[in-house]
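Asks: Next up is a structure, given as structure tokens.
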Amino acid sequence: MTDTKRNDVILLLVVAFFALFAPIILNPFPSDGPLAQFNAGYPDLMQRFVIYGIFAIGFNILFGLTGYLSFGHAAFLGVGSYSAVWMFKLLSMNIIPAIVLGVLISGLFALVIGFISLRRSGIYFSILTLAFAQMSYNLAYSVFTPITNGETGLQILLSDPRILDAPTGTAQPVTSLFGLEMRDTFLAFEYLGRDFQFTYGYYVCAIILLISFYISMRIFRSPFGTMLRAVKTNQNRLSYTGVNTRPYTLTAFVISGMYAGLAGALLACMDPLAGAERMQWTASGEVVLMTILGGAGTLLGPVLGAGFIKYFENILSRINDNVLEAWFAFMPDGMSDFFVVIVHPFVGKGWHLTLGLMFMAVVIFLPGGLMDGAKRIIDWVSGKNRASKRGAKAPAPAE
Amino acid sequence: MSGFSMNRRGVLKSGAVLGAGLAMPTIFTSAARAYTNEPTGANVTLGFNVPQSGAYADEGADELRAYELAVEHLNGEGDGGMLNTFSSKELGGNGVNGKKVAFVTGDTQTKSDAARASAQSMIQKDGAVMITGGSSSGVAIAVQGLCQEAGVIFMAGLTHSNDTTGKDKKANGFRHFFNTEMSGAALGPILESNYGKERTAYHLTADYTWGWSQEGSMKTYTESIGWNTAAAVRTPLGAGDFSQYLTPVLNSGADTLILNHYGRDMVNSLTQAVQFGMRDKVVNGNDFVVVVPLYSRLMAQGAGDNVKGIFGSTNWHWSLQDEGSKAFVKSFGTKYGFPPSQAAHTCYCQTLLYADAAQRAGTFNPCGIVEALEGFEFDGLGNGPTLYRAEDHQCFKPVLVVKGKDNPTSQYDLLEVVDVTPTEQVMYAPDHPDFAGGDLGECNPGA
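Protein sequence lines correspond, in order, to chains D and F.
Final position of the first sequence in our numbering is 399; the numbers increase by one with none missing.
Final position of the second sequence in our numbering is 447; the numbers increase by one with none missing.
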């Protein structure tokens with residue numbers, strides 16, 4: 001076994017360990033304690049970590065390897081969601097056809113958009129993808145309302161045909177995998193004051209994440225991946241040597257779009273609603289942030305970045321003034337008020353501010369993202385840093 | 001990474017051992033619960049899911065104030081507010097079913113996705129038995145669907161679209177607020193008596209479920225009194241600048257502008273319409289007028305002098321002189337220093353109605369609550385006698401037609417009540433065509 005191969009196996013196992021034990025690892029605080037606010041181990045958020053992780057892994061195949069910065073990836077996410085919900089409405093509540101259709105349709109969509117957008121590179125490519133995504137968003141929002149149900153979002157109704165399923169009568173149908181209901185908790189227990197919940201939905205997502213991660217790893221290590229890196233390094237030189245790079249970039253774009261479609265379909269599987277705002281440019285920007293924050297071009301980085309951003313979005317935004325007052329209640333009156341005023345702009349609806357500051361700090365001090373930070377710590381601990389400081393620092397990606 | 005040796009088998013083994021170890025001392029609690037989030041401690045948790053950012057943030061902030069006030073009153077703090085005037089006397093200010101009421105809050109961002117994520121975390125993480133809130137019908141409908149699936153009650157806040165209790169109605173969802181059909185029915189006669197039968201209307205409509213619903217109802221009722229509709233133009237929610245949509249209005253030959261906008265959208269579009277000098281124009285021999293079908297005091301405040309003389313409808317207004325309204329305005333004013341908006345009122349009522357239903361049912365089981373609320377008749381919550389209709393979970397009560405005051409005495413005294421349209425006039429059959437296509441389904445207790 002070569003060194004890279006061995007490291008890859010270890011990396012995959014580490015990811016598998018964290019993915020499978022996330023419901024325990026993410027619940028470090030007792031559920032009635034003061035820090036329960038920071039627990040992230042509830043199914044909905046964990047599913048989001050994993051799904052946006054898949055989204056970011058896919059984005060990284062395009063951005064991290066070829067350097068093509070797509071600003072319209074949310075369009076594929078949305079297309080995946082809409083396809084999946086239509087599958088639930090028309091065919092069956094089983095998630096398999098929904099995921100398959102979601103991936104296929106978004107792949108087709110990516111083929112069309114990629115074919116046109118990849119005629120340009122750099123900023124022009126970004127603008128083209130952004131334009132397509134905004135176009136899709138506006139179409140979904142107001143033009144295609146019979147298909148997308150506009151701002152309200154596409155929902156599952158009792159009156160949908162669902163030709164493969166037996167009618168559920170008057171009970172709202174739920175998404176399932178051959179009878180395993182996605183929102184069903186198969187195990188819930190309390191241990192040392194911590195509430196642990198294990199749902200089928202999360203484990204379906206986690207297993208798909210592992211498969212996606214493995215595929216992405218294979219792509220990174222394959223000759224195809226090397227070709228994509230060559231595109232990033234110097235596309236002109238490739239052209240001069242007679243290589244036509246377009247098929248490679250287009251393939252990367254389509255794969256990346258299919259990953260986004262998979263993430264979108266999974267979002268719909270976990271919560272059968274598809275809204276147009278999933279396609280908005282802010283959602284496209286978010287995946288760029290995730291990837292850069294975690295470390296573009298690294299295998300694990302995008303997943304970390306996705307988790308980081310979703311954690312802040314869901315945990316920090318729910319700290320309101322009442323919670324703050326409870327935290328600072330031990331202080332004298334004036335001082336606690338002072339601290340509440342100081343902290344207030346950074347939590348609750350101000351979580352974007354905190355995220356922005358963190359993002360700035362990461363970009364300025366850790367240009368390689370969180371993975372860069374992790375690498376520096378490991379180097380520092382193992383003493384590599386002192387040795388490499390003398391010589392030229394190799395720009396190896398932190399993996 | 002090469003310092004320690006680790007092979008696949010070793011990792012698998014240790015993982016299995018760890019998993020088994022953690023699973024050993026398990027107490028299975030999932031089977032013990034009769035319904036989703038059955039409260040087992042001394043508290044019962046409610047989830048207040050309101051927009052804290054976006055076009056409806058002002059309404060959201062006021063809703064949150066009302067919720068906090070309602071929780072205080074339910075727990076016996078403060079002066080009790082409308083608990084004292086409410087016709088049902090089950091609640092004694094000592095919590096609900098012997099449990100103290102606690103709450104968690106979240107931000108819907110006026111987006112369906114974010115609202116559902118926030119509601120999910122309230123249900124899964126905080127153990128909320130009831131979710132309430134929503135400004136924006138799109139959000140309310142999305143969250144209502146989620147609550148139906150998860151098996152908790154959804155008490156809709158400010159949502160005015162017909163669809164909430166029409167084609168998207170759900171057994172676990174309830175709405176106290178009125179809807180666009182009622183607005184149309186109440187406004188029609190007033191518009192006829194003030195502006196006559198010969199008019200041409202131009203609609204600007206917020207492009208989502210509420211806007212479509214409002215536009216449809218206003219068209220129905222204005223056309224039934226003989227008005228023409230010149231055009232109906234959809235504008236994106238939260239557009240900010242409406243000048244491009246307003247410019248064509250004057251060239252269209254219309255003499256009436258109907259603004260199917262709410263929140264900051266309405267403040268912006270109305271202000272710009274006035275700045276364009278529209279209200280000083282004379283078209284077809286008629287003075288050009290603006291109608292805002294859904295009005296709120298918060299919006300009137302935002303639009304300032306521009307609202308003078310403009311007609312609209314509202315669910316409730318703080319200047320009402322019945323005992324319930326007075327008690328509510330007094331306790332809200334004492335706590336926050338200004339009168340409540342209609343959004344605050346409906347959210348406060350919904351919290352009380354939920355608590356009362358739980359108390360009467362003796363349980364927080366959604367099916368018990370549904371049973372207690374269906375067909376429930378009550379009074380003393382500021383709107384006069386009110387019915388929670390069993391067929392669609394919609395409240396029926398009189399609707400207020402209001403007009404922007406010409407000489408406001410304070411910054412809150414901006415609207416005057418022109419007419420109180422009686423319940424019979426705004427009542428419609430559950431199978432009304434604008435409400436058709438939905439199915440309540442059956443109550444879902446989850447778990």
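In this text, a Cβ means the ideal position worked out from N, Cα and C, and glycines have one as well.
Could you have a look at Ala327 (chain F) and say whether DSSP puts it in helix, strand or coil?
Replies: Reduced to three states, the DSSP call for Ala327 (chain F) is helix.
Asks: Where does Arg199 (chain F) fall in DSSP's three states?
Replies: Coil.
Asks: When the cut-off is 8 Å and only beta carbons count, does Ala131 (chain D) lie next to chain F?
Replies: No, because no Cβ of chain F sits closer than 8 Å to the Cβ of Ala131 (chain D).
Asks: Below 8 Å between beta carbons: does that hold for Ser317 (chain D) and Gly348 (chain D)?
Replies: Going by C-beta atoms, Ser317 (chain D) is nearer than 8 Å to Gly348 (chain D).
Asks: Extract the residue ranges of the beta strand (DSSP E) inside the stretch 256–292 of chain F, only unbroken runs of 3 or more that lie entirely within it.
Replies: With a minimum length of 3 residues, the continuous beta strand (DSSP E) runs that stay inside the stretch 256–292 of chain F are 256–260.
Asks: CA-CA distance, Tyr336 (chain F) and Arg65 (chain F)?
Replies: Each residue's alpha carbon lies about 8 Å from the other.
Asks: Answer yes or no: does any C-beta atom of chain D fall closer than 8 Å to that of Ala61 (chain F)?
Replies: Not one chain D Cβ lies under 8 Å of Ala61 (chain F).
Asks: On a Cα-Cα basis, can you pick out the residue from F:Lys405, F:Gln124 and F:Pro189 that is closest to Asn306 (chain F)?
Replies: When only C-alpha atoms are compared, the closest one is F:Lys405.
Asks: Residues in the same chain with beta-carbon distance under 7 Å from Phe38 (chain D), minus the five sequence neighbours each way, listed in chain order, please.
Replies: Only Phe29 and Ile315 meet the Cβ criterion.
Asks: Ends of the alpha helix (DSSP H) at Ser18 (chain D)?
Replies: Checking the displayed sequence, the identity of residue 18 (chain D) turns out to be Phe instead of Ser. Unbroken alpha helix (DSSP H) run through Phe18 (chain D): Asp3 to Ile25.
Asks: Any Cβ of chain F within less than 8 Å of the Cβ of Val174 (chain D)?
Replies: Val174 (chain D) counts as touching chain F.
Asks: So with CB distances below 8 Å, who are the chain F contacts of Thr4 (chain D)?
Replies: What Thr4 (chain D) touches in chain F: nothing, since even the nearest Cβ is about 11 Å away.
Asks: In whole angstroms, give me the CA-to-CA distance for Ser126 (chain D) and Glu223 (chain F).
Replies: Going from the Cα of Ser126 (chain D) to the Cα of Glu223 (chain F) covers about 48 Å.
Asks: Identify the residues that DSSP records as bridge partners of Leu154 (chain D): which are they?
Replies: BP columns for Leu154 (chain D) point to D:Ala274.
Asks: If you measure beta-carbon to beta-carbon, which residues of the stretch 240–262 of chain F are closer than 8 Å to chain D?
Replies: The residues in question: there are none.
Asks: Examine chain F for any beta-carbon lying closer than 8 Å to the beta-carbon of Ala152 (chain D), and answer yes or no.
Replies: Rather than Ala, the amino acid found at residue 152 (chain D) in this sequence is Thr. Judged by the 8 Å Cβ criterion, Thr152 (chain D) is in contact with chain F.
Asks: Which two residues bound the contiguous beta strand (DSSP E) that contains Gly133 (chain F)?
Replies: Segment Met130 to Ser135, the beta strand (DSSP E) holding Gly133 (chain F).
Asks: With a CB to CB cut of under 8 Å and the five nearest residues on each side skipped, what residues in its chain are close to Gln301 (chain F)?
Replies: Excluding sequence neighbours, Gln301 (chain F) sits near Gln411, Tyr412 and Leu414.
Asks: Tell me the rounded alpha-carbon separation between His432 (chain F) and Ala252 (chain D).
Replies: Whole-angstrom Cα-Cα distance: 52 Å.
Asks: Among F:Ala156, F:Asn194, F:Gly95 and F:Met266, whose alpha-carbon lies nearest the alpha-carbon of Asp58 (chain F)?
Replies: Selected option, being the one with the closest Cα: F:Met266.
Asks: Return helix, strand or coil for Cys367 (chain F), following the three-state DSSP convention.
Replies: Of the three classes helix, strand and coil, the one that applies to Cys367 (chain F) here is helix, per DSSP.
Asks: Would you call the stretch 196–205 of chain F and the stretch 166–175 of chain F touching, i.e. three or more CB-CB distances under 8 Å?
Replies: Segments in contact, no.
Asks: Please work out which residues of its chain come closer than 7 Å, Cβ to Cβ, to Thr282 (chain D), disregarding the five sequence neighbours upstream and downstream, and give them in chain order.
Replies: Once the five neighbours on either side are set aside, Thr282 (chain D) has no close Cβ partner at all.
Asks: Closest Cβ-Cβ distance between Gly193 (chain D) and chain F: below 8 Å?
Replies: No, Gly193 (chain D) does not count as interfacial toward chain F.
Asks: Can you give the Cα-Cα distance for Leu108 (chain D) and Ala22 (chain D), rounded to whole angstroms?
Replies: The alpha-carbon atoms of Leu108 (chain D) and Ala22 (chain D) are separated by roughly 34 Å.
Asks: Could one say the Cβ of Arg229 (chain D) lies closer than 8 Å to chain F's Cβ atoms, at least one of them?
Replies: It does not; no Cβ of chain F falls within 8 Å.
Asks: Taking its Cβ as the centre, do 16 or more other Cβ atoms sit within 10 Å of Tyr240 (chain D), making it buried, or is it exposed?
Replies: Exposed, since its Cβ has fewer than 16 Cβ neighbours within 10 Å.
Asks: Check each candidate in D:Asp32, D:Ala74 and D:Leu13 and name the one with the smallest Cα separation from Ala265 (chain D).
Replies: Taking only the C-alpha atoms, the option nearest Ala265 (chain D) is D:Ala74.
Asks: Is it buried or exposed for Gln321 (chain F), if we count other Cβ within 10 angstroms and need 16 for buried?
Replies: Exposed, because fewer than 16 other Cβ atoms sit within 10 Å of the Cβ of Gln321 (chain F).
Asks: Would you mind telling me which residues of chain D sit closer than 9 Å to Ala70 (chain F), beta carbon to beta carbon, in chain order?
Replies: Here the premise fails: no neighbours, minimum Cβ distance about 15 Å.
Asks: Considering only DSSP beta bridges, list what Gln394 (chain F) is partnered with.
Replies: In DSSP, Gln394 (chain F) forms a bridge with F:Arg175.
Asks: Could you tell me the distance, in whole angstroms, from the CA atom of Lys89 (chain F) to the CA atom of Ser135 (chain F)?
Replies: Going by the C-alpha atoms only, they are around 29 Å apart.
Asks: Buried or exposed for Trp380 (chain D), going by 16 or more other Cβ atoms inside 10 Å?
Replies: So Trp380 (chain D) counts as exposed.
Asks: Measure the alpha-carbon distance for Asp434 (chain F) versus His160 (chain F) and round it to whole angstroms.
Replies: Approximately 13 Å, taken between the alpha carbons.
Asks: Could you give the DSSP three-state label for Ala171 (chain D): helix, strand or coil?
Replies: Ala171 (chain D): coil per DSSP, three-state reduction.
Asks: Answer yes or no: does any C-beta atom of chain D fall closer than 8 Å to that of Ile141 (chain F)?
Replies: At least one chain D Cβ lies under 8 Å of Ile141 (chain F).
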